[in-house]
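J.: In my numbering, the protein residues as written are 124 to 462. Backbone N, C-alpha and C define an ideal beta-carbon position, used for all residues, glycine too. Have a look at this one before I ask anything.
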Ligand SMILES: *Cc1c(COP(=O)(O)O)cnc(C)c1O
């Protein structure tokens, strides 16, 4: 049994999802003539209380487009020190938009309105970069799948409005947050200027992200997506996978969350584990006792067919997902208990 717990991006489309893709009605989406893409965009926009949406090949491109939309070269964005937009998008914020990042020391990848307010450069002080954007993640990736309290978003938005800043949500795992917190997705549209969501993580689609905003902003985003090379033709085949995922794969995320917590409970009792971080969704981060060699442990698990990943600094990561089934889960729990 090969069990891959490295990421929730490793899932492969099921037969049912593939059938939905094969059946998709398509057109040239660069001319906005693909009915399936239009359907997906309308559906996700409505869900989050936004006017319009745009389909992207990756979450990175959707986030990078948002940064480009809200900033001018030389300006600065504010984000948590672990933010995906800073750490895992290849330096795109500086490459594509020419902006610097003011990184805040948040809690498990989450920042507060108070921290944001304290790090905005005075716009009259022209020696410093002009602060123009705040980016947050929900759930946080490097923060171990932590979920924001929605009230904090409202507070941050107030700070943004008072200081003429835009507010972007990197919602790669927003579905996990919605299932874990029971937040109303429609409320998100009122708080953020732009939201990116991924269909290819917990939802199990092979490709696809969607950027959400008002009509005028999405119209501008269309040009930026084109510049970045993200204009695609008969891409309804991929959008169909996203529609299928929205219909079938959201509620079941609760299973991923339960399994992550059950693995965490077993790990917490092992003598070789130093600490298990709090588990709210499908990401589990834990650290080893200092005398335990990380590479040896990873190799031992690998020999038993279980792959997990190292995050450096003695931290290991496990991510549960659609292709991690109950039989595998039983085996993983037993294997960890004996290790
Ligand atoms: C995965 C992820 C993205 C986007 O990643 P892509 O691989 O480009 O789709 C963005 N933000 C976060 C927090 C992520 O985990």
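Could you say which of 233, 450, 344, 254 lies nearest to residue 242 if we only look at CA atoms?
T.: Here the closest residue by C-alpha is 254.
J.: Under 7 Å: does the beta carbon of residue 327 sit that close to some heavy atom of ligand 1?
T.: no
J.: Enumerated in chain order, which unbroken segments of the alpha helix (DSSP H) with a length of 4 residues or greater are wholly contained in the region 297-357?
T.: 297-304, 308-314, 338-350
J.: Any heavy atom of ligand 1 closer than 7 Å to the CB of residue 224?
T.: no
J.: Where residue 217 and residue 223 are concerned, what is the direct C-alpha to C-alpha distance, given to the nearest angstrom?
T.: 6 Å
J.: Which runs of the alpha helix (DSSP H) at least 4 residues long sit entirely within the region 226-264? Give them in chain order.
T.: 236-240
J.: Span of the beta strand (DSSP E) holding residue 200?
T.: 199-203
J.: If residue 405 sits next to residue 443, beta carbons under 8 Å apart, how far is it from one beta carbon to the other, in whole angstroms?
T.: 5 Å
J.: According to DSSP, is residue 175 part of a helix, a strand, or is it coil?
T.: strand
J.: Would a C-beta distance cut-off of 8 Å place residue 183 and residue 212 closer than the cut-off?
T.: yes
J.: Going by C-alpha distance, which of 398, 392, 462, 456 is nearest residue 422?
T.: If we check each option's Cα against that of residue 422, 462 comes out closest.
J.: With distances taken between CB atoms, is the gap from residue 362 to residue 329 smaller than 8 Å?
T.: no
J.: On the three-pair Cβ rule with 8 Å, is the region 126-143 touching the region 315-332?
T.: yes
J.: Could you pull out every residue in the same chain whose Cβ sits closer than 6 Å to the Cβ of residue 167, ignoring the five residues on either side in sequence?
T.: Apart from sequence neighbours up to five positions away, the residues of its chain that approach residue 167 with a beta-carbon distance below 6 Å are 176, 333, ordered along the chain.
J.: Is the beta carbon of residue 437 sitting closer than 8 Å to the one on residue 407?
T.: no
J.: Taking the DSSP output, what are the residues bridged to residue 402?
T.: Note: residue 402 sits in no beta bridge, so no partner.
J.: Taking only three categories from DSSP, how would you classify residue 270?
T.: coil
J.: Please identify the residue among 357, 431, 455 whose C-alpha is closest to the C-alpha of residue 388.
T.: 455
J.: Tell me the DSSP secondary structure of residue 387 in three-state form.
T.: Reduced to three states, the DSSP call for residue 387 is helix.
J.: Report the three-state DSSP secondary structure of residue 142 (helix, strand or coil).
T.: helix
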